[in-house]
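Here this note's numbering runs 172 ahead of the position in the sequence shown, where the first position is 1.
Comments concern the structure below.
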Amino acid sequence: LSEAIFEVLPTSAFSSLPYLYDVKLPEGLLSIGESAFLNTRIQHIDIPSTVTSIGKSAFSQTPIQTITFAENAQLHSIGYQAFYKCSRMKEFIMPNTVKGLGYSNYRSECFYECTALETLHFSGSITLIPDYTCYKCSNLKDLSLPKMLTAIWDYAFYNNAQLRHVVFPETTTSIYPYAFHNCVLDTAKLPIHLTYLGEYAFSNCDSLRYIESP
Numbered sequence: 173l174s175e176a177i178f179e180v181l182p183t184s185a186f187s188s189l190p191y192l193y194d195v196k197l198p199e200g201l202l203s204i205g206e207s208a209f210l211n212t213r214i215q216h217i218d219i220p221s222t223v224t225s226i227g228k229s230a231f232s233q234t235p236i237q238t239i240t241f242a243e244n245a246q247l248h249s250i251g252y253q254a255f256y257k258c259s260r261m262k263e264f265i266m267p268n269t270v271k272g273l274g275y276s277n278y279r280s281e282c283f284y285e286c287t288a289l290e291t292l293h294f295s296g297s298i299t300l301i302p303d304y305t306c307y308k309c310s311n312l313k314d315l316s317l318p319k320m321l322t323a324i325w326d327y328a329f330y331n332n333a334q335l336r337h338v339v340f341p342e343t344t345t346s347i348y349p350y351a352f353h354n355c356v357l358d359t360a361k362l363p364i365h366l367t368y369l370g371e372y373a374f375s376n377c378d379s380l381r382y383i384e385s386p
């Protein structure tokens, strides 16, 4: 599609095409519609700089391995379950232009059960990480949180069985229930402006040896 001229990739445009492996998107595309590549066999995608939104379930349940964003990316939002159960994706470096994840920033599941995901760097423009964003990302080790983060919502990093180290930005004021349940964190230096710590936020973190509270 690299020579095509259009602004919107429609809802379910290529959904469930069992032999679709490779796609080239055109510069000038503004949005990738809901379920556009759902259940395809796509393995790599280059996101043009003009794309501002990735819709709900756009790459859900695909074997996609790499997502490359242009240096001057203008992406603003990543939809609910956009990369749901993408079990071969190892790295996701989010453009700093991204401001929102999921439904109204409160329900995400963007990387729900991305079991191969090892590296995730959030956009610096995000202020909250919604519910279930990285639920059961069992290989996540390298996590970079947004510098202006204020809240981590329920179950955001639930059962991240390889997550040993997290640096909380000082701007974080709330960590909600079960946010880091069943992780292998060894230390938790809570941010200086924290005012709310939800129930079971660090429950079943059996490796936790040191906690520093403001």
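Even glycine gets a Cβ: it sits at the ideal position worked out from N, Cα and C.
| Query | Result |
| --- | --- |
| May I have the straight-line CA-CA distance separating N244 from D326, to the nearest angstrom? | 32 Å |
| Where does P272 sit, in a helix, a strand or coil, going by DSSP? | Note that residue 272 corresponds to Gly in the displayed sequence, not to Pro. G272: strand per DSSP, three-state reduction. |
| Can you give me the start and stop residues for the beta strand (DSSP E) that D218 sits inside? | H216 to I219 |
| If you draw a straight line from the C-alpha of E263 to the C-alpha of L369, how long is it? | 29 Å |
| Do you know how far the Cα of Y348 is from the Cα of R336? | 19 Å |
| So, at 8 Å on beta carbons, what are the nonlocal neighbours of N268 in its own chain, with the 5 sequence-adjacent residues on each side left out? | S295, G296 and S297 |
| Would you kindly report the start and end of the unbroken beta strand (DSSP E) that includes L315? | D314 to S316 |
| Beta-carbon separation of L139 and P341 under 8 Å? | In the structure as shown, the chain starts at 173 and stops at 386, and residue 139 therefore has no counterpart that could be examined. |
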